[in-house]
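I have placed the structure first, in the form of structure tokens, so that the comments after it can refer back to it.
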DNA sequence: GAGCACTGC
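In the UniProt record's numbering, the protein residues as written are 1 to 721.
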């Protein structure tokens, strides 16, 4: 920002909204500098409210720091107003037009969640008195509500990462704000490292990192001593209660606590944190039953509401309904009781919660690079997470949090939840980074470097898939694969599918695998649901069953009763259709042909299965006849077909989409393949000379025999010639 | 014969 540029600026919004000026202005004759229209009636009202937010007290301090530094860290807790106000402060202070007026820049603000990006941008558009999608917009997958006029864009962190793939220096932006940085999503962590590089090459770009108060020093250390600003939050005090003894059964303890609160505490709604759908539905039933058995005791009415992500949005809306009124006038007050997963910890805020019950557990993703398995495990939460949960009780008035563990246990918790990058398979992330031009992934500047074994696994898998060559360089194939918003295995099967003459079908399968399970199985109609599913079943595998469902959906999607009668989830299928369209557009852009084998040909399904194997050859399991179980090839894990499978027998060879670790080790979504295909399609992976020796594996014996037979045939055919 | 924390492209 040179002084040259500064002088050219005609009106600064900052001057307009200055208190002294607005105080004098009673009418709305002032022109909104962003769109040249007079301000509407509501503008000044909203402005007055904005000024009461804590972050406004530090506006000048912030703008001064922004002017003097390239990188800035801002920490502030819930209620500080940083997400809505800081981007507007930035807009007022920076010059968005290049000196020669040939270029216009934007301010970008990332959010970890789509919903947040959407709702915050709507709010800010209203505050700035402009139409959403014009000067203020948002960009999330499937929805770009921005235009050439846009100067402030909210977008998901993943979306900014995608943008970087075509705009490596992020040249459309003047300032980038990474919000909710403490959540340490995979995308935010990658953006950290990437932006550090970009800032070196673009002295005119500025970065603001916004986070909750946690680990501020760590952020500062990583961003080489960038100045740190603190903004106070706005929370009411919350009293914390611990149990004297550890609880053996946290579900039972949680239910007991709910009952106690309702019987003895003043009015106020209750929020209970549990770990998953089944547990939550179970708890809801038990709580409702408890209050139904109170006999003649005077108990206020309760509304028990489950909350988890796979619940339809209409059901999720129920958490915003008020508590029920007393049954009789002057009788005991009613209470709303929300039983939720972690979704209520960060993603959804429920006002009116006064009591929080925290058993101290959550399902968390874990990755074991040794056996290449990602799994969800119920594990103790971190201190930061426990504090976030208790804070949910103090949003509207002072509250209480009941921790169902001892104070000693609390002190033993990890201070922070480990960042996602330490708990994930990084194959996909590494493909993205390669595409972004990062040559040396091993020395990439991660805030928390992933385990070396995870790193090696990712490089190895990309090499087997042909996305990286032996020197670790991105191949042409890898470049094409990286264009798809899919895991590399899936991207690979899609990219090679035209060679197998079935890209139309692989597109559909990919879309179906990318959305939540489409089969509905209500507790009261499990048998009927299973029968309905069986009607779509294909004996050669679950992937083909998914294809059947998709085809049936395309034929029946006008008929609302079809979904109901067949126990399929309308939302999941609609979303699959959406994904499929996006993937098809990418295929077209890359000149990958959309082709199908004739449906009546005996090769129709064979081609599809072969194409899928070309992506998933690293996820093959073999039926060990003498042992009576499946063994994953190479990793040698004893696994079981997930009971949801639709095969009518136990095929000798299968490939699987997912390894699920629950009560046992399951492989879910499996399709039957033939050993000859394995040898034909992935000889480089099934290179038996370099196989880890596993004496017991029948799979290796079978493959070895097959290879020997091939050698013999080759020699014989040669000698015949 | 079992389950689906939460995000995101």
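Note that CB positions come from ideal geometry on N, CA and C, so glycine has one too.
Spatial neighbours of residue i in its chain, beta-carbon cut-off 8 angstroms, leaving aside the 5 residues before and after
{"i": "residue 451", "result": "369, 422"}
{"i": "residue 80", "result": "53, 54, 55, 231, 232, 233, 234"}
{"i": "residue 470", "result": "463"}
{"i": "residue 579", "result": "510, 511, 514, 515"}
Under 7 angstroms between C-beta atoms of residue i and residue j
{"i": "residue 401", "j": "residue 238", "result": "yes"}
{"i": "residue 46", "j": "residue 38", "result": "no"}
{"i": "residue 268", "j": "residue 175", "result": "no"}
{"i": "residue 454", "j": "residue 436", "result": "no"}
{"i": "residue 500", "j": "residue 611", "result": "yes"}
{"i": "residue 339", "j": "residue 280", "result": "yes"}
{"i": "residue 512", "j": "residue 576", "result": "yes"}
{"i": "residue 140", "j": "residue 166", "result": "no"}
{"i": "residue 236", "j": "residue 359", "result": "no"}
{"i": "residue 724", "j": "residue 310", "result": "Nothing can be reported for residue 724, as the shown portion of the chain is limited to 1 through 721."}
{"i": "residue 198", "j": "residue 169", "result": "yes"}
{"i": "residue 113", "j": "residue 419", "result": "no"}
{"i": "residue 96", "j": "residue 151", "result": "yes"}
6 angstroms Cβ shell around residue i - same chain, five flanking residues per side excluded
{"i": "residue 604", "result": "597"}
{"i": "residue 342", "result": "362"}
{"i": "residue 204", "result": "none"}
{"i": "residue 710", "result": "none"}
{"i": "residue 75", "result": "211, 213, 216, 230"}
{"i": "residue 241", "result": "402"}
{"i": "residue 305", "result": "318, 319, 338"}
{"i": "residue 7", "result": "Residue placement at residue 7 cannot be trusted, given a pLDDT of 38 that sits under 50; the coordinates are not used to answer."}
{"i": "residue 124", "result": "84, 136"}
{"i": "residue 223", "result": "71"}
{"i": "residue 623", "result": "630, 650, 652"}
{"i": "residue 366", "result": "375, 377, 423"}
{"i": "residue 519", "result": "533"}
{"i": "residue 491", "result": "481, 484"}
First through last residue of the alpha helix (DSSP H) which encompasses residue i
{"i": "residue 615", "result": "603–616"}
{"i": "residue 461", "result": "452–464"}
{"i": "residue 290", "result": "277–292"}
{"i": "residue 222", "result": "216–222"}
{"i": "residue 664", "result": "From DSSP, residue 664 is part of no alpha helix (DSSP H); its letter is neither H nor E."}
{"i": "residue 430", "result": "427–435"}
{"i": "residue 505", "result": "503–513"}
Residue burial classification, residue i (beta-carbon count within 10 angstroms, cutoff 16)
{"i": "residue 323", "result": "buried"}
{"i": "residue 590", "result": "exposed"}
{"i": "residue 248", "result": "exposed"}
{"i": "residue 643", "result": "exposed"}
{"i": "residue 645", "result": "buried"}
{"i": "residue 688", "result": "exposed"}
Other residues of its chain near residue i: CB distance less than 7 angstroms, five sequence neighbours each side excluded
{"i": "residue 384", "result": "214, 415, 416, 417"}
{"i": "residue 351", "result": "395, 396"}
{"i": "residue 625", "result": "698"}
{"i": "residue 316", "result": "307"}
{"i": "residue 477", "result": "466, 467, 495"}
{"i": "residue 193", "result": "444, 445, 446"}
{"i": "residue 382", "result": "413, 414, 415, 416, 417"}
{"i": "residue 722", "result": "The structure shown does not extend to residue 722, since the chain is modelled only from 1 through 721, so no value can be given for it."}
{"i": "residue 220", "result": "73, 226, 228"}
{"i": "residue 536", "result": "545, 548, 549, 552"}
{"i": "residue 543", "result": "509, 612, 669, 671"}
{"i": "residue 5", "result": "Below a pLDDT of 50, predicted positions are generally treated as unreliable, and residue 5, at 43, falls in that range; no measurement from the model is reported."}
Residue i: first and last residue of the uninterrupted beta strand (DSSP E) it sits in
{"i": "residue 210", "result": "206–211"}
{"i": "residue 305", "result": "302–307"}
{"i": "residue 368", "result": "361–368"}
{"i": "residue 109", "result": "106–111"}
{"i": "residue 100", "result": "No beta strand (DSSP E) holds residue 100; DSSP gives it neither H nor E."}
{"i": "residue 44", "result": "Counting along the chain, residue 44 falls outside any beta strand (DSSP E), though it belongs to the alpha helix (DSSP H) covering 41–50."}
{"i": "residue 530", "result": "Segment 526–536 is the alpha helix (DSSP H) holding residue 530; no beta strand (DSSP E) there."}
{"i": "residue 411", "result": "Counting along the chain, residue 411 falls outside any beta strand (DSSP E), though it belongs to the alpha helix (DSSP H) covering 407–412."}
{"i": "residue 623", "result": "620–624"}
{"i": "residue 403", "result": "399–403"}
{"i": "residue 567", "result": "Careful: residue 567 lies outside any beta strand (DSSP E) and carries neither H nor E."}
Distance between beta carbons of residue j and residue i, contact taken as under 8 angstroms
{"i": "residue 641", "j": "residue 606", "result": "Actually they are not in contact, since the Cβ atoms of residue 641 and residue 606 sit about 21 angstroms apart, beyond 8 angstroms."}
{"i": "residue 532", "j": "residue 566", "result": "5 angstroms"}
{"i": "residue 299", "j": "residue 263", "result": "7 angstroms"}
{"i": "residue 592", "j": "residue 510", "result": "The pair is not a contact, with the Cβ atoms about 12 angstroms apart (cut-off 8 angstroms)."}
Residue i: CB within 6 angstroms of a non-hydrogen atom of the ligand ADP
{"i": "residue 140", "result": "Annotation note on the ligand ADP: not contained in the displayed structure, which lists no ligands."}
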